[in-house]
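*Asks:* My structure is below; once you've seen it, I'll send some questions.
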Amino acid sequence: MRKGMLGEKIGMTQLFGPTGVRIPVTVIKVAGNVVIQKKSVEGKDGYSAVKIGFGDVKKLEKEGTESKYRLSRPEVGVFTAAGIDAPRKHVREFRVSEADLDAYTVGEEIPTDFFEAGEYIDATATSKGRGFAGVMVRHNFGGGKATHGVHEAYRHGGSIGMSADPARVLAGTKMAGQSGNATVTIQNLQVVQVLPEEKAILVKGSVPGAKGSLVMLRTATKKYQG
-4 MRKGMLGEKI GMTQLFGPTG VRIPVTVIKV AGNVVIQKKS VEGKDGYSAV KIGFGDVKKL
56 EKEGTESKYR LSRPEVGVFT AAGIDAPRKH VREFRVSEAD LDAYTVGEEI PTDFFEAGEY
116 IDATATSKGR GFAGVMVRHN FGGGKATHGV HEAYRHGGSI GMSADPARVL AGTKMAGQSG
176 NATVTIQNLQ VVQVLPEEKA ILVKGSVPGA KGSLVMLRTA TKKYQG
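Structure (structure tokens):
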């Protein structure tokens, strides 16, 4: 079954297995996932998917006026149409099979144990931004020789030019530029433990993004889970 939900990266800690082996884990808070919409192949969209909302939205409170959410009227209307009182900050869509749509109910919150311990998932998030970086930091280049005769080119990327044919720099050439701040997916992460009281799950290994960032959790696509 293909499943998906959203979470907030809390940070990393460690557990110890039955044999005393240390297991590094990432704590992901998954409280507040609510189903906004279900799309079917037979509907106007032509494909099967579920739309999920996550995260609290702050209210704009001003003396003498009615408090309202920091969202546009159409955005709030999506949640109102689904019968959800409080809108959510983040909205994402997950493609699922037509048979898996029955596992979701519009307006209801997804339980913490939606992913069980032992399952494998793929985690997608925005990596930490590192700003402008050279080729040694960004692409792990070795740099030039720090010996006599090298003229201020210790951390340069070297030649990028071509000869008379094709006489241009090829697209995709590794050069200096912005490092990080990109959508990254880590595949085949195992759910080590589910914490219903804390509404969080513990995932083995590291997950992209900084603390407090949004994480998309989906059933692993390349891991056999028969």
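The sequence shown begins at -4 in this note's numbering and counts up one residue at a time. Just so you know, even glycine gets a beta-carbon here, dropped at the ideal spot from N, CA and C.
(1) Classify Pro69 as helix, strand or coil using the three-state DSSP reduction.
(2) Just how far apart, CA to CA, sit Val22 and Gln185?
(3) Could you tell me which residues DSSP puts in a beta bridge with Gln9?
(4) Please state the DSSP three-state secondary structure of Glu93.
(5) Is DSSP giving Met157 helix, strand or coil here?
(6) So the alpha helix (DSSP H) Arg133 belongs to, where does it begin and stop?
(7) Looking at the secondary structure, which residues open and close the beta strand (DSSP E) in which Tyr42 lies?
(8) Is DSSP giving Thr178 helix, strand or coil here?
(9) In or out: Gly2 buried (at least 16 other Cβ within 10 Å) or exposed?
(10) Can you check whether the CB of Val91 is closer than 9 Å to the CB of Val45?
(11) What residue range is occupied by the uninterrupted beta strand (DSSP E) comprising Thr214?
(12) Taking the CB atoms as reference points, tell me whether Gly138 and His151 lie closer together than 9 Å.
(13) For Leu10 versus Gln188, is the C-beta distance shorter than 9 Å?
(14) Considering only the beta carbon of each residue, do Gln25 and Ala195 sit closer than 9 Å?
(15) In chain order, what residues of the same chain lie with their CB nearer than 8 Å to the CB of Ser208, ignoring the 5 residues before and after it?
(16) Please report the residue range of the beta strand (DSSP E) in which Asn199 lies.
(17) Using a Cβ-Cβ cutoff of less than 7 Å, which residues in the same chain neighbour Asp80 once the five nearest sequence positions on both sides are dropped?
(18) Check whether the Cβ atoms of Gly(-1) and Arg83 lie closer than 9 Å to each other.
(19) At the level of alpha carbons, what is the spacing between Met7 and Glu114?
(20) Given a cut-off of 9 Å on the beta-carbon distance, is the pair Thr107 and Val30 in contact?
*Replies:* Taking the definition as stated:
(1) It is helical.
(2) For Val22 and Gln185, the distance between alpha carbons rounds to 12 Å.
(3) Pro19, per the DSSP bridge assignment.
(4) Three-state DSSP puts Glu93 in a helix.
(5) Of the three classes helix, strand and coil, the one that applies to Met157 here is coil, per DSSP.
(6) 130 to 134 is the extent of the alpha helix (DSSP H) around Arg133.
(7) In the DSSP annotation of this structure, Tyr42 is not part of any beta strand (DSSP E), being labelled neither H nor E.
(8) Strand.
(9) So Gly2 ends up on the buried side.
(10) It is a contact, given that the beta carbons lie within the stated cut-off.
(11) Start and end: 209 to 214.
(12) Yes, Cβ-Cβ distance for Gly138 and His151 is below 9 Å.
(13) In this structure, Gln188 lies closer than 9 Å to Leu10 by Cβ.
(14) Gln is not the amino acid found at residue 25; the sequence shown has Val there. It is a contact, given that the beta carbons lie within the stated cut-off.
(15) Closer than 8 Å at the Cβ level, and outside the excluded window around Ser208, lie Glu3, Lys4, Ala120, Thr121.
(16) Correcting the residue type first, residue 199 is Lys in the shown sequence and not Asn. Secondary structure note for Lys199: its beta strand (DSSP E) is the uninterrupted segment 195 to 199.
(17) Answer for Asp80: no residue qualifies.
(18) No; because the gap between Cβ atoms is not below 9 Å, this pair is not in contact.
(19) Approximately 19 Å, taken between the alpha carbons.
(20) Against a cut-off of 9 Å, the Cβ pair of Val30 and Thr107 comes out as no contact.
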